[in-house]
Amino acid sequence: MHAIVIDKPGGPEVLTWREVPEPRPGPGDVLIDVAASAVNRADVMQRQGLYGPPPGAPPYPGLECSGVVAEVGSDVEDFKPGDRVSALLAGGGYAERVAVPWQQVMRVPEGVDLVEAAALPEVACTVWSNVFMTARLRKGETLLVHGGASGIGTLAVQLAKAFGSHVVVTAGSAEKIARCVELGADEGINYREEDFAERVRADVILDIVGGRYLPGNVKALKTGGRLVVIGMQGGSKGELDLGALLVKRASVHGTTLRSRPVDEKGVIVRGVVENVWPLVEAGAIRPVIHARVPMSDAAQAHRILESGDHVGKILLVS
98 MHAIVIDKPG
108 GPEVLTWREV
118 PEPRPGPGDV
128 LIDVAASAVN
138 RADVMQRQGL
148 YGPPPGAPPY
158 PGLECSGVVA
168 EVGSDVEDFK
178 PGDRVSALLA
188 GGGYAERVAV
198 PWQQVMRVPE
208 GVDLVEAAAL
218 PEVACTVWSN
228 VFMTARLRKG
238 ETLLVHGGAS
248 GIGTLAVQLA
258 KAFGSHVVVT
268 AGSAEKIARC
278 VELGADEGIN
288 YREEDFAERV
298 RADVILDIVG
308 GRYLPGNVKA
318 LKTGGRLVVI
328 GMQGGSKGEL
338 DLGALLVKRA
348 SVHGTTLRSR
358 PVDEKGVIVR
368 GVVENVWPLV
378 EAGAIRPVIH
388 ARVPMSDAAQ
398 AHRILESGDH
408 VGKILLVS
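Heads up, the sequence shown is in the numbering used here, so the first residue is 98 and it goes up one at a time.
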């Protein structure tokens, strides 16, 4: 088969489409003929040599895919060849085939295009596990989403609104804020022009920025608020005012998804299938696609992501 190979760290130009050994499914694996994958920040970090795949994962980038089941391992009962599926991966999505533990595989929601389904696994699992499982966002509470126009942000807006929350986003332009409002956001803050910490008080904050936003995030929390940090685009270190945290009886959570054990990922995946997929099938949530790029031209897809001009997901189509 063919896959995107990274021989050395560098810019998008190091992503090479070439022939590699085909994966074989283990006893508990599902082998998928990949229809599409999607680009995530973690893929860029892997390309740069900053975020290698966990032990046992394929060396190729790609944390999600959609496609058709080609073969199943001896211990797999829930899937069969020909099933239309999407999957949460530890790596290997930028390829024509990938083998993945059955616990991380989901049937494509009814009414969703097979290629577009590749835009859902990583963001749905990230938002569900962090906003709802970890931070326990409840109906009527306020959610602040940093990077509201990102793939994660566009899904977080829709899912939180579907569960009855008030949603505020930050974004870097009026155009991006307008797109977020179209998806259901109640308010938008242009972080280039306004300090979000002076404008909003939130019960839950979903943060992809990290260190640089830590003081402002703590200030923006309500009493009993929950901050969940899932990215470090603004650095890995920041000043934490413990006094403010204590007075507010607030909490700070840092999480990752890629390196979790298979069983933990399986719990998250089941939660997505039970709670998110019905909303997708009902039309309350839809994948937001910025561009479709041939998988062999993954370098161009990375350039689009790094430009910061996109809204939603960038798909790599086999």
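From the three backbone atoms N, C-alpha and C, an ideal C-beta is built for every residue, glycine too.
Just checking my contact of Ala215 with Met98 at CB under 8 Å: how many whole Å lie between their CB atoms?
About 17 Å separates the beta carbons of Ala215 and Met98, which is beyond the 8 Å limit, so they are not a contact pair.
Counting only runs that start and end within the stretch 142-189, where is the beta strand (DSSP E) found for 3 or more residues in a row?
161-169, 181-185
For Gly179, count neighbouring C-beta atoms within 10 Å of its own C-beta (all shown protein chains included) and say buried if the count is 16 or more, exposed if not.
exposed
Roughly how many whole angstroms lie between the Cα atoms of Leu185 and Gly149?
17 Å
Per DSSP, cross-strand counterpart(s) of Gly409
According to DSSP, Gly409 bridges with Ser247.
Separation of Gly125 from Gly297, as counted between CA atoms:
Per the sequence shown, residue 297 should be read as Val rather than Gly. Taking the straight line from one Cα to the other gives about 47 Å.
Residue range of the beta strand (DSSP E) that includes Asp300:
Here the beta strand (DSSP E) through Asp300 covers 299-304.
Return the Cβ separation of Gly328 and Ile305 in integer angstroms, given the expectation that the two are a contact with Cβ distance under 8 Å.
Sure, about 3 Å apart at Cβ, within 8 Å.
Residue span of the alpha helix (DSSP H) that contains Thr223, given as start and end:
Segment 218-224, the alpha helix (DSSP H) holding Thr223.
Taking 8 Å as the limit between beta carbons, can you name the residues of its chain near Gly368, skipping five residues before and five after?
Trp225, Ser226, Phe229, Met230
Spell out a yes or no on whether the stretch 350-358 and the stretch 247-257 are touching, meaning 3 or more CB-CB pairs, one atom from each, closer than 8 Å.
no
Inter-stretch contact (C-beta, 8 Å, three-pair minimum) for the stretch 150-164 and the stretch 328-340:
no
Nearest neighbour of Leu413, chosen from Gly351, Glu116, Ala135 [CA to CA]:
Ala135
Beta-carbon gap between Ile129 and Thr113 smaller than 8 Å:
It is not a contact, given that the beta carbons lie outside the stated cut-off.
To the nearest angstrom, how far is the alpha carbon of Val366 from that of Glu284?
30 Å
Given Pro109, which residues of its chain have a CB within under 6 Å of its CB, disregarding the five upstream and five downstream residues?
Ala396, His399, Arg400
At 3 residues or longer, and completely inside the stretch 236-281: list those beta strand (DSSP E) runs for me, N to C.
239-243, 263-268
Do Gly352 and Val325 have their C-beta atoms closer together than 8 Å?
Checking the displayed sequence, the identity of residue 352 turns out to be Thr instead of Gly. Yes, Cβ-Cβ distance for Thr352 and Val325 is below 8 Å.
Report the rounded CA-to-CA distance for Gln200 versus Ala259, giving the unit in angstroms.
26 Å
Pick helix, strand or coil for Ser134, following the three-state DSSP scheme.
strand
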